[in-house]
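See below for the structure under consideration.
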Amino acid sequence: MPSIEYLPPELLSYILELACLEKSPAQTQTAAVLGGVSKLWRAVAFSTPSIWTSFQVSQNLDPRTLEAALLRSRGLLVDIHADDKSMKLKAAQEQLNALAGHSTRWRNVEVSHPDALVLLAKSIPLLLPNLGSLSVKTGSQRLPPVLMSFYSPEYSTEPDISLEWKDRVYPSLRCLDLCDIELKPRETEHFLGFLEAHSTLETLALRDVWELDAYIPSRTVELPHLKELQLRGIPSSEILRSVKAPNLQKLILEKSSQLRYWTPVDINSNYATAIDVTLIRFSTDPDALLNVLRAVPLASEVKLVSKDLRLRYSFCTESILLQHKLHLLTSLHIQGVASLSQLKAVAESNKETLTEVKVHCLDLGLPEQSSSKDYSDRDEALRWLKGQETFKFDVDHSLDAFGDCYQSHADQ
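Count the sequence shown with numbering that gives the first Met the number 0 and you get residues 0 to 411, in order.
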């Protein structure tokens, strides 16, 4: 490699940095490989601290090699990624424990593992002064212990694990993402206290962290810096009162599939500034949909998603949007439209502000396969929507109850 050997060390260092960044999060492993090319590359790689700042916990990594890589980073903040789902729990713990000696430099931590709950409880330190982002996901939803014992007789329940939210201190935390990390009833108050103590949060995502009959405290935590909030798998409407975000911009809410009866709650001041709103599984519950839409008067980008199209006869999205007008609505995306005629009425009532309408429609089949009885109204509505010049109209087909696409509508 004569041409590369004559490169100035500064330029070679920059090239190695770009190569390692491209292989992120396995950045340090890539740096070690590149350092073995030649003596020059080794010297340049070892003197470039920025390529030793991203560590991927993996199955075949020797924990003893981590200390040397940490020293080469020369005090820079580091990112930790434990996302090898096939990795044994013990090996993951050993590597995280090896990295914990430099936990004051942890900047971003991502754990995606079937035993993420155990790793969070036992291998993520309680004090991380420079932690900016924490993402913990089990990777796949687990069955309840009772069902696990039924399907797998050799299954043994793990000892009761406490996540010790009341003792966790992450003063620089800006992003928290928890998925399938169960909030036990006795820890719910402590978790809300954790959120209150970390009011600098800008992004909060809680997905499937509650049990169906979870204990929901009546208190409300205010997060003044929060810009994005995701609450998914909500088993009770009371959860919406837990967080108040006076400067929220993006809101994503998903009802649990087990939540059958919605009790309206007063959340008019919790999410009033949200402009980007996504609601999942709200399309068949008029009380729930109306409750949330009233709480987001500034919403301009609205996405309504239906996951169970077998309930299409109870869809209420279009009728609720007619009943409660969003005066700043510019972009509307509905997955699961049951009536094109009603969709046309919604578009007409918001024509002054709308710039985009995107729908996945149940009513696009040939007449003998359509859920609509008045085919002429449907066809006229579709022609009207396609002919508008003030907003962009995009239509696609929803899946039926058997997972098949409805046949394309033939324009008349």
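Glycine included, C-beta positions come from ideal geometry on N, C-alpha and C.
Go ahead and label residue i buried or exposed: buried means 16 or more other beta carbons lie within 10 angstroms of its beta carbon, across all protein chains shown.
| i | result |
| --- | --- |
| residue 338 | buried |
| residue 155 | Note that residue 155 scores 40 on pLDDT, short of 50, meaning its location in the model is unreliable and no value can be drawn from it. |
| residue 58 | exposed |
| residue 262 | exposed |
| residue 29 | buried |
| residue 267 | exposed |
| residue 367 | For residue 367, the predicted model reports a pLDDT of 43, less than 50, meaning its position is unreliable and no value from the coordinates is stated. |
| residue 341 | buried |
| residue 257 | exposed |
| residue 395 | exposed |
| residue 67 | exposed |
| residue 74 | exposed |
| residue 173 | buried |
| residue 225 | buried |
| residue 326 | exposed |
| residue 197 | buried |
| residue 386 | exposed |
| residue 102 | buried |
| residue 125 | exposed |
| residue 207 | buried |
| residue 290 | buried |
| residue 20 | exposed |
| residue 377 | buried |
Kindly identify the DSSP beta-bridge partner or partners of residue i.
| i | result |
| --- | --- |
| residue 107 | 78, 132 |
| residue 202 | 174, 227 |
| residue 445 | The first residue shown for the chain is 0 and the last is 411, placing residue 445 beyond what the model contains. |
| residue 194 | Note: residue 194 sits in no beta bridge, so no partner. |
| residue 188 | BP columns for residue 188 are empty, so no partner. |
| residue 393 | 357 |
| residue 302 | 277, 332 |
| residue 242 | 220 |
| residue 126 | 168 |
Keeping to the same chain, check which residues put their C-beta closer than 6 Å to that of residue i; ignore five residues upstream and five downstream.
| i | result |
| --- | --- |
| residue 252 | 230, 278 |
| residue 176 | 134, 204 |
| residue 236 | 261, 262, 264 |
| residue 195 | 220 |
| residue 202 | 174, 227 |
| residue 292 | 323 |
| residue 315 | 285 |
| residue 76 | 104, 106, 129 |
| residue 250 | 228, 270, 273, 276 |
| residue 410 | Any answer about residue 410 is weak, because its pLDDT of 32 lies below 50 and its placement is not dependable; what the coordinates show is given next. Hits under 6 Å: none found. |
| residue 349 | 328 |
| residue 199 | 224 |
Less than 8 Å between C-beta atoms, sequence neighbours within five positions excluded: which residues of the same chain meet that for residue i?
| i | result |
| --- | --- |
| residue 122 | 91, 92, 95, 96, 99 |
| residue 16 | 47, 49, 50 |
| residue 393 | 355, 356, 357, 358 |
| residue 234 | 209, 210, 211, 212, 213, 255, 257, 258 |
| residue 120 | 160, 161, 162, 163 |
| residue 186 | 161, 162, 164 |
| residue 297 | 271, 272, 273, 274, 327 |
| residue 216 | 187, 188, 191, 241 |
| residue 180 | 115, 116, 119, 135, 136, 137, 162, 208 |
| residue 62 | 93, 94, 96, 97 |
Once you ignore the five residues that flank residue i on each side, which residues in its own chain have a CB closer than 7 Å to its CB?
| i | result |
| --- | --- |
| residue 345 | 317, 320, 321 |
| residue 286 | 261, 263 |
| residue 45 | 34, 71 |
| residue 43 | 8, 11, 12, 15 |
| residue 60 | 94 |
| residue 343 | 380, 383, 384 |
Run through the stretch 38 to 80 for me and flag every whole beta strand (DSSP E) of 3 or more residues, listed as ranges in chain order. 53 to 55
Would the stretch 266 to 280 count as touching the stretch 293 to 309 if we require 3 or more Cβ pairs under 8 Å? Counting Cβ pairs under 8 Å, three or more are found: they touch.
So, does the stretch 81 to 91 touch the stretch 124 to 132, judging by three or more C-beta pairs under 8 Å? Result no; under three Cβ-Cβ pairs closer than 8 Å.
Can you list, in chain order, the stretches of the beta strand (DSSP E) that have 3 or more residues and sit fully within the stretch 312 to 346? 330 to 336
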